[in-house]
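Structure first, commentary second.
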Amino acid sequence: MTETDYLQKIEEAFSWVEDLVESWNETHDWVLECHRQGSVLETEFEDGQKIITNAQAPTQQLWLASISGAHHFVLENQEGRSVWLDTRGQGRFEDIFLAHAQHILGQSPSA
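As C-alpha coordinates, this is what we get:
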(Lines of atoms letter the chains of each structure in order from A and count residues from 1; the text may use other names and numbers.)
(Lines give C-alpha, C1' and ligand atoms only; values in the text may rest on other atoms or scores of the structure.)
Protein backbone atom coordinates (compact mmCIF):
# COMPACT_ATOMS: atom_id res chain seq x y z
CA MET A 1 0.00 0.00 0.00
CA THR A 2 1.30 3.44 -0.82
CA GLU A 3 1.81 6.02 1.91
CA THR A 4 -0.97 8.11 0.35
CA ASP A 5 -3.40 5.17 0.52
CA TYR A 6 -2.40 4.46 4.11
CA LEU A 7 -2.90 8.07 5.18
CA GLN A 8 -6.32 8.12 3.49
CA LYS A 9 -7.39 5.04 5.47
CA ILE A 10 -6.13 6.65 8.69
CA GLU A 11 -8.15 9.78 7.86
CA GLU A 12 -11.25 7.61 7.36
CA ALA A 13 -10.74 5.90 10.74
CA PHE A 14 -10.20 9.22 12.54
CA SER A 15 -13.27 10.72 10.84
CA TRP A 16 -15.35 7.70 11.89
CA VAL A 17 -14.37 8.30 15.54
CA GLU A 18 -15.07 12.04 15.32
CA ASP A 19 -18.47 11.48 13.69
CA LEU A 20 -19.35 8.84 16.28
CA VAL A 21 -18.44 11.12 19.19
CA GLU A 22 -20.45 13.97 17.68
CA SER A 23 -23.44 11.64 17.33
CA TRP A 24 -23.11 10.45 20.94
CA ASN A 25 -22.96 14.04 22.19
CA GLU A 26 -26.17 14.88 20.34
CA THR A 27 -28.01 11.65 21.22
CA HIS A 28 -27.03 11.33 24.88
CA ASP A 29 -26.37 14.95 25.83
CA TRP A 30 -22.80 14.02 26.73
CA VAL A 31 -19.74 16.23 26.53
CA LEU A 32 -17.08 14.09 24.87
CA GLU A 33 -14.29 15.70 22.90
CA CYS A 34 -11.92 14.72 20.12
CA HIS A 35 -8.57 16.43 19.72
CA ARG A 36 -6.18 15.85 16.82
CA GLN A 37 -2.51 16.61 16.96
CA GLY A 38 -0.56 15.33 14.00
CA SER A 39 -1.09 11.59 13.71
CA VAL A 40 -2.76 11.29 17.13
CA LEU A 41 -6.48 11.50 17.91
CA GLU A 42 -7.51 11.78 21.56
CA THR A 43 -11.09 11.02 22.52
CA GLU A 44 -11.73 12.47 25.97
CA PHE A 45 -14.67 11.40 28.10
CA GLU A 46 -16.49 13.45 30.74
CA ASP A 47 -14.51 11.87 33.58
CA GLY A 48 -11.18 12.72 31.92
CA GLN A 49 -10.43 9.19 30.68
CA LYS A 50 -9.20 8.93 27.11
CA ILE A 51 -8.96 6.63 24.16
CA ILE A 52 -5.84 7.43 22.15
CA THR A 53 -5.82 6.46 18.49
CA ASN A 54 -2.69 7.04 16.47
CA ALA A 55 -1.14 6.30 13.12
CA GLN A 56 2.11 4.35 12.96
CA ALA A 57 3.31 5.18 9.46
CA PRO A 58 6.56 3.13 9.51
CA THR A 59 4.55 -0.08 10.05
CA GLN A 60 1.36 1.16 8.36
CA GLN A 61 -0.61 0.32 11.49
CA LEU A 62 -3.34 2.01 13.49
CA TRP A 63 -2.92 1.87 17.27
CA LEU A 64 -5.52 2.29 20.01
CA ALA A 65 -4.92 2.60 23.75
CA SER A 66 -7.08 3.24 26.80
CA ILE A 67 -7.38 2.07 30.39
CA SER A 68 -8.78 -1.18 28.92
CA GLY A 69 -5.56 -1.98 27.07
CA ALA A 70 -3.76 -1.44 23.78
CA HIS A 71 -4.30 -2.79 20.28
CA HIS A 72 -2.45 -2.65 16.99
CA PHE A 73 -4.43 -2.88 13.74
CA VAL A 74 -3.40 -3.68 10.18
CA LEU A 75 -5.45 -3.03 7.09
CA GLU A 76 -6.88 -6.22 5.58
CA ASN A 77 -9.17 -6.81 2.63
CA GLN A 78 -12.47 -8.44 3.61
CA GLU A 79 -15.20 -9.03 1.07
CA GLY A 80 -13.84 -6.36 -1.23
CA ARG A 81 -13.36 -3.63 1.37
CA SER A 82 -10.50 -2.55 3.58
CA VAL A 83 -10.90 -3.24 7.30
CA TRP A 84 -8.61 -2.41 10.24
CA LEU A 85 -8.12 -5.73 12.08
CA ASP A 86 -6.39 -6.34 15.41
CA THR A 87 -3.02 -8.05 14.96
CA ARG A 88 -3.88 -10.50 17.77
CA GLY A 89 -7.15 -11.55 16.16
CA GLN A 90 -9.40 -9.67 18.59
CA GLY A 91 -11.58 -8.02 15.95
CA ARG A 92 -12.21 -4.88 13.98
CA PHE A 93 -11.07 -1.41 15.04
CA GLU A 94 -14.63 -0.09 15.22
CA ASP A 95 -15.81 -2.92 17.48
CA ILE A 96 -12.82 -2.61 19.79
CA PHE A 97 -13.17 1.18 19.99
CA LEU A 98 -16.84 0.71 20.97
CA ALA A 99 -15.88 -1.85 23.64
CA HIS A 100 -13.31 0.53 25.14
CA ALA A 101 -15.84 3.37 25.12
CA GLN A 102 -18.44 1.14 26.77
CA HIS A 103 -15.95 0.28 29.52
CA ILE A 104 -15.25 3.97 30.17
CA LEU A 105 -18.90 5.05 29.98
CA GLY A 106 -20.24 2.15 32.00
CA GLN A 107 -22.96 1.67 29.41
CA SER A 108 -23.35 0.60 25.81
CA PRO A 109 -23.55 3.64 23.55
CA SER A 110 -25.26 3.12 20.21
CA ALA A 111 -22.92 3.24 17.23
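For the sequence shown, our numbering gives the first residue as 1422, with consecutive numbering after it. Note that the Cβ used here is the ideal one computed from N, Cα and C, for glycine as well. Fair warning: this is a prediction, and the values are worked out from it, not measured in the lab.
| query | result |
| --- | --- |
| Where do the N-terminal and C-terminal ends of the alpha helix (DSSP H) with tryptophan 1445 fall, by residue? | 1424-1449 |
| So valine 1461 packs on asparagine 1475, CB below 8 Å; how close in whole Å? | 4 Å |
| Residue range of the beta strand (DSSP E) that leucine 1483 falls in? | 1482-1487 |
| When the Cα of threonine 1464 is compared with those of Leu1441, Pro1479, Thr1480, which residue comes out closest? | Leu1441 |
| Inspect the beta-carbon positions of leucine 1485 and alanine 1478 and report whether they are closer than 9 Å. | no |
| Measuring CA to CA, which of Gln1482, Gly1512, Phe1514, Phe1466 is closest to aspartate 1450? | Phe1466 |
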